[in-house]
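The sequence shown maps to residues -16 to -1, 1 to 288 in mature numbering (1 follows the signal peptide of the UniProt record, and there is no 0).
Read through the structure below, which is laid out as structure tokens, and then see the notes.
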Amino acid sequence: LTDVSLSALLIIPLYGLITHQEVFDDWSCSIYGAGDMSLSLFEIGLATSIAFDRYIMTKNPKWGTWRSNLNYGKLLLIIFILCLLWSGVPWTGYGAYSTFNQNVFCSLDWRQAEPSPVPLPSTTPSYGLIQNDKVSSLKEATHRYIAFLTATFLIFFLIPVCIAGAFYYSIFEHVDKLNSTEAREENGNLPAEICTWAPKDHVAKVGLGCLLASTLPFMAYGIVCLNPFKSDFKQLDVVITPVILSRISALLNPLFYVWLNPEIVGIEEKLLKKLKKKKTPPPPQRNYHTINLIADLPTMSFPI
């Protein structure tokens, strides 16, 4: 539902782009940007929570009794509240939500990381003081924006992704250990059924796909935000590309988390059935060998 909601948010700016209408003002952009950021951060939290749950399912540690619907509900509620609170930080002056391309797109204002303009020399002292005040305020806004972006990257992206990656890596090692030759000999050469959330022999691929599908939507944003000096914000592609990529790539999560999960879809059984249908031998052709042998028998003729 989170991925579908993120993708559905793209409908509003696309409508304005197609109809050439302004769809955002300052107030609506602040609400839209905060909702967009909260859902994006919550998606990373969900991916980490799912990796944690799969770790408990696979390795079954002693503290695995903590796994219950009530505890997971509390955990997800806490993560969602933290994401909502963090998405309101730009309202306090650390960053800002702004519109792009004639009020068609709305997102975190990346232009705050642009280099501050150098004040031009002037013979009027008051003019120079005004320009210096503007430059100092721009520098302060830039420092606040960079601090907010750095904290967001560390707290809500890098740390959760590293934790999820550590969980999946531990799962892969555990699965390889159980599927080793020695472990199979102890179990009577029976394959170990431990990862029910991925098809057989594809645990590493599905786990890596889940991790990449959760981080890929924010790669374009990271490139633009963390490298603002090479990003021309007046170009339409710089503004529209991260938005479209983040919303479309969010639809990869249902592919890895739902479609490739045997407990939900059973894709492996469906593929095996299709392969069996394709490999079924054709029906045997009729054999006329006996009739041909009878026809070749020598015959005797009797005179009448």
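Beta carbons are placed, not taken as given, at the ideal position from N, Cα and C, and that holds for glycine.
Exposed or buried, residue i, counting other C-beta atoms within 10 Å across all chains shown (16 or more means buried)?
i: L196; result: exposed
i: L54; result: exposed
i: P201; result: buried
i: P(-4); result: buried
i: V249; result: exposed
i: A150; result: exposed
i: T3; result: exposed
i: T83; result: buried
Assuming residue i and residue j make a contact with CB atoms under 8 Å, what is their CB distance in whole Å?
i: I178; j: V159; result: 7 Å
i: A182; j: L244; result: 7 Å
i: L59; j: S33; result: 6 Å
i: K43; j: S154; result: 7 Å
i: G29; j: P144; result: 6 Å
i: F240; j: V187; result: F240 to V187, Cβ: 12 Å. No contact.
Are the beta-carbon atoms of residue i and residue j separated by less than 7 Å?
i: G17; j: V88; result: no
i: E247; j: T180; result: yes
i: S22; j: S(-12); result: no
i: T76; j: F26; result: no
i: Y78; j: F141; result: no
i: S14; j: Y81; result: yes
i: C90; j: F8; result: yes
Which residues in the same chain as residue i place their Cβ atom closer than 6 Å to its Cβ, once the five residues preceding and following it in sequence are excluded?
i: S233; result: L200 and P201
i: K41; result: Reading off the sequence, residue 41 comes out as Met, not Lys. Correct list: empty, nothing qualifies.
i: V102; result: Since pLDDT at V102 reaches only 44, below the 50 mark, its modelled position is unreliable, and no value is offered.
i: N237; result: D(-14) and A197
When the Cα atoms are used, what is the spatial distance from residue i to residue j?
i: A(-9); j: R231; result: 8 Å
i: Q86; j: I62; result: 37 Å
i: T136; j: Y56; result: 23 Å
i: R51; j: A35; result: 13 Å
i: R38; j: L68; result: 26 Å
i: Y152; j: D93; result: 34 Å
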